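Everything on this sheet refers to the single structure shown next.
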Amino acid sequence: MEALPAILQAVQQQLDVQGAALQQLMKKLCVVSTSSSSAGAAVVLRDKHAIFDSLYRRIETFNYDPDRGRISDSWLRRYQDLFDNECIELDEKDKTRLLVSRLDEDCHRMLTSAISPKQPSDLPWEKIVQVLNRLFGTAKTLFRRRFECFRVRYEGQDFNNYETMVKAKCTDAHFDSIDFDGLQCLFYVAGFQGSEFADYRTRLLRKLDQAENITLKDLTAECQLIKSYKDDARLLEGTPAVNVVRRQKFQLGKRGNLSDDNEMSLHPKRFPADQAKAHLSQGHLVRPTAIVEIDISIELLPLSKKTTTHKWK
1 MEALPAILQA VQQQLDVQGA ALQQLMKKLC VVSTSSSSAG AAVVLRDKHA
51 IFDSLYRRIE TFNYDPDRGR ISDSWLRRYQ DLFDNECIEL DEKDKTRLLV
101 SRLDEDCHRM LTSAISPKQP SDLPWEKIVQ VLNRLFGTAK TLFRRRFECF
151 RVRYEGQDFN NYETMVKAKC TDAHFDSIDF DGLQCLFYVA GFQGSEFADY
201 RTRLLRKLDQ AENITLKDLT AECQLIKSYK DDARLLEGTP AVNVVRRQKF
251 QLGKRGNLSD DNEMSLHPKR FPADQAKAHL SQGHLVRPTA IVEIDISIEL
301 LPLSKKTTTH KWK
């Protein structure tokens with residue numbers, strides 16, 4: 001029993017030594033783990049930079065030139081697979097930076113001005129694509145692009161080139177998203193081709209371009225509304241057209257005969273009563289006695305003159 005305290009003391013000392021050794025081992029493991037994490041983060045960062053640089057070199061710089069067909073729609077469609085599938089390891093901000101970095105100087109300035117004070121990386125991917133299409137997209141409406149597809153004509157070129165042209169135009173017109181109602185609306189609006197239907201045509205085209213899921217009933221209701229507006233506008237233009245009424249003044253004699261040898265003049269003379277003189281008309285002595293004002297709205301034709309022959313014996 002006397003040896004028991006010595007044994008316990010020896011065991012305690014050994015446990016202390018093992019505990020100290022274990023603490024040292026844990027410290028070393030923590031240092032190694034921290035170093036491995038830093039190295040791994042550095043490797044991931046280097047991989048992202050490598051992916052970014054690789055994709056950057058594969059994307060052609062965008063130059064806006066609508067006359068030559070260089071618009072954002074076709075440019076994004078060309079690299080759609082790259083952005084959708086090869087940018088998976090990039091986060092959305094890096095993906096947006098990659099897109100904006102391939103714009104030329106003028107396009108980049110216009111984009112940053114349009115979204116100021118925000119930066120391109122502050123916008124989500126869908127929003128930055130919408131801004132690009134609004135600034136650098138096609139100037140043609142969707143209706144016009146679809147209508148032009150029906151005007152495509154084969155002009156003797158290579159069949160493969162002709163096929164490529166038709167596919168490009170139909171893709172640009174988004175025929176893959178049109179349904180039966182949309183096709184009916186396309187032909188409905190195309191029928192308003194006369195100059196007298198310009199107001200209807202303009203309003204219907206605007207409605208097709210601004211709204212989605214339009215039906216024939218919607219277009220018919222719009223036409224009826226336009227017609228009502230036009231009728232109301234004509235109602236407010238003024239009173240109906242009337243013939244101009246002129247006030248003419250004629251001389252009448254005592255016997256009711258018109259003066260000036262039975263002719264109705266459009267520019268009659270007015271004689272004051274104190275200066276009136278007797279004159280002969282159809283054999284009767286007539287004195288002008290009154291000035292009568294008559295409103296005439298019909299055309300007056302002169303009567304043929306009749307002369308009276310007096311034979312003197």
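Its first residue numbered 1, the sequence shown is counted upward by one per residue in the UniProt record's numbering. Where is the CB? At the ideal position from N, CA and C, for every residue including glycine. Computed from a predicted model, the values in this text were never measured in an experiment.
If you follow the alpha helix (DSSP H) that A211 is part of, which residue opens it and which one closes it?
Here residue 211 refers to the residue found at position 211 of the sequence shown. Counting along the chain, A211 falls outside any alpha helix (DSSP H), and DSSP gives it neither H nor E.
Helix, strand or coil: how does DSSP classify F52 here?
Here residue 52 refers to the residue found at position 52 of the sequence shown. It is helical.
What residues are listed by DSSP as bridge partners for R70?
As a working note, residue 70 is residue 70 in the sequence shown. Per DSSP, D65.
Determine which residues share a DSSP beta bridge with L103 and list them.
As a working note, residue 103 is residue 103 in the sequence shown. F62.
Output the distance between the C-alpha atoms of P5 and Q18, rounded to the nearest integer angstrom.
Position 5 of the sequence shown, counting from 1, holds the residue named residue 5. Position 18 of the sequence shown, counting from 1, holds the residue named residue 18. Straight-line Cα distance between these residues: approximately 20 Å.
Y229 to D158, Cα distance in whole Å?
Here residue 229 refers to the residue found at position 229 of the sequence shown. Here residue 158 refers to the residue found at position 158 of the sequence shown. Roughly 51 Å separates the two Cα atoms.
Going by DSSP in three states, V166 sits in which element: helix, strand or coil?
Residue 166 sits at position 166 when you count from the first residue of the sequence shown. In this structure, V166 counts as helix in the three-state DSSP scheme.
Express the C-alpha separation of Y200 and E60 in angstroms, rounding to a whole number.
For the purposes of this step, residue 60 is taken as residue 60 along the sequence shown, with counting starting at 1. For the purposes of this step, residue 200 is taken as residue 200 along the sequence shown, with counting starting at 1. Near 43 Å, if we compare the C-alpha coordinates of Y200 and E60.
Suppose contacts are defined by Cβ-Cβ distances below 9 Å. Is G156 in contact with S72 by that definition?
Here the question's residue 156 lines up with position 156 in the sequence shown. Here the question's residue 72 lines up with position 72 in the sequence shown. No, Cβ-Cβ distance for G156 and S72 is not below 9 Å.
Within its chain, find whatever has a CB closer than 6 Å to the CB of K207; leave out the 5 residues flanking it on each side and keep chain order.
Against the sequence shown, residue 207 aligns to sequence position 207. So the qualifying residues of the chain are E222.
Which whole-angstrom value describes the C-beta separation of C170 and L219, a residue pair presumed to lie in contact below a C-beta threshold of 8 Å?
Position 170 of the sequence shown holds residue 170. Position 219 of the sequence shown holds residue 219. So it is not a contact: roughly 23 Å between Cβ atoms.
Relative to the C-alpha of I128, which candidate in E148, D179 and L103 has its C-alpha closest?
Position 128 of the sequence shown, counting from 1, holds the residue named residue 128. It is L103.
Looking at the secondary structure, which residues open and close the alpha helix (DSSP H) in which F197 lies?
As a first step, residue 197 is located in the sequence shown; it is residue number 197 there, counting from the start. Note, F197: premise wrong, no alpha helix (DSSP H); not H, not E.
Could you compute how far the alpha carbon of I88 sits from the alpha carbon of D81?
Residue 88 sits at position 88 when you count from the first residue of the sequence shown. Residue 81 sits at position 81 when you count from the first residue of the sequence shown. In a straight line, the C-alpha of I88 is about 11 Å away from that of D81.
Decide if Y79 is buried, meaning its Cβ has at least 16 other Cβ atoms within 10 Å, or exposed.
Position 79 of the sequence shown holds residue 79. Result: buried.
With a threshold of 9 Å between beta-carbons, can E237 be considered close to chain B, or not?
Protein chains in the displayed structure number just one, and chain B is not present.
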